[in-house]
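Q:
In our numbering, the protein residues as written are 2 to 117.
Structure follows, in C-alpha cells:
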C-alpha cells in the first residue's frame, strides 16, 4: 500500500506534482499553495530542490498517516479534514502555514500511543 502510493506519485526519482495533486484530489494550484511554492515553478521546474523538499514533506506526512491508519484513503481524509487536537487545524492547514514538522511530530506521537 505505502509502496504503491510512493511509486504512483513518482516520475523516475522525482515526486511528480500532478500525480501528487491527483492522489490528494487537489487542483495543482492548491497543491502549490499548500507546498508554499510558486505554481509556475512547481510545474516548469519540478526537479528544483525546493519544490522536491516541499512535496517530499507532504508525501512523508501522507505516507506516515497511511502507515498508522492502514489505508491511504483514510490518511488523505485525515490530512485534509480532521482537526488535530491541540492545534485546532487540519494537517493540511498546518502544512500550508509552514508547520509540517508539527504534523510529523503529531504522527510520531500517535504512533507512540499518544491520542491526537
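We treat Cβ as the ideally placed atom computed from N, Cα and C, and that holds for glycine.
Going along the chain, which residues of its own chain have a beta-carbon closer than 6 Å to the beta-carbon of residue 38, five neighbours each way excluded?
A: Taking the chain shown and counting its residues from 1, the one referred to as residue 38 is at position 37. Counting only Cβ-Cβ distances below 6 Å, and skipping sequence neighbours, we find 52 and 55.
Q: Could you confirm whether any beta carbon from chain D is found closer than 8 Å to the beta carbon of residue 70?
A: Checking the listed chains, one finds no chain D in this structure; it contains a single protein chain.
Q: In the structure shown, what three-state DSSP assignment does residue 27 receive?
A: Residue mapping note: residue 27 aligns to position 26 of the chain shown, counting from 1. Reduced to three states, the DSSP call for residue 27 is coil.
Q: Whether or not the segment 69-83 and the segment 21-30 are in contact is what I'm after, with contact meaning three or more pairs of Cβ atoms, one per stretch, closer than 8 Å; do they touch?
A: In short, these stretches touch, since the Cβ pair count reaches three.
Q: Starting from residue 101 and walking both ways along the alpha helix (DSSP H), at which residues does that stretch end?
A: Here residue 101 refers to the residue found at position 100 when the chain shown is read from its first residue. Taken as a continuous stretch (DSSP letters only), the alpha helix (DSSP H) holding residue 101 covers 101-112.
Q: With a Cβ-Cβ cutoff of 8 Å, do residue 16 and residue 74 count as a contact?
A: The residue labelled residue 16 in the question sits at position 15 within the chain shown. The residue labelled residue 74 in the question sits at position 73 within the chain shown. No; because the gap between Cβ atoms is not below 8 Å, this pair is not in contact.
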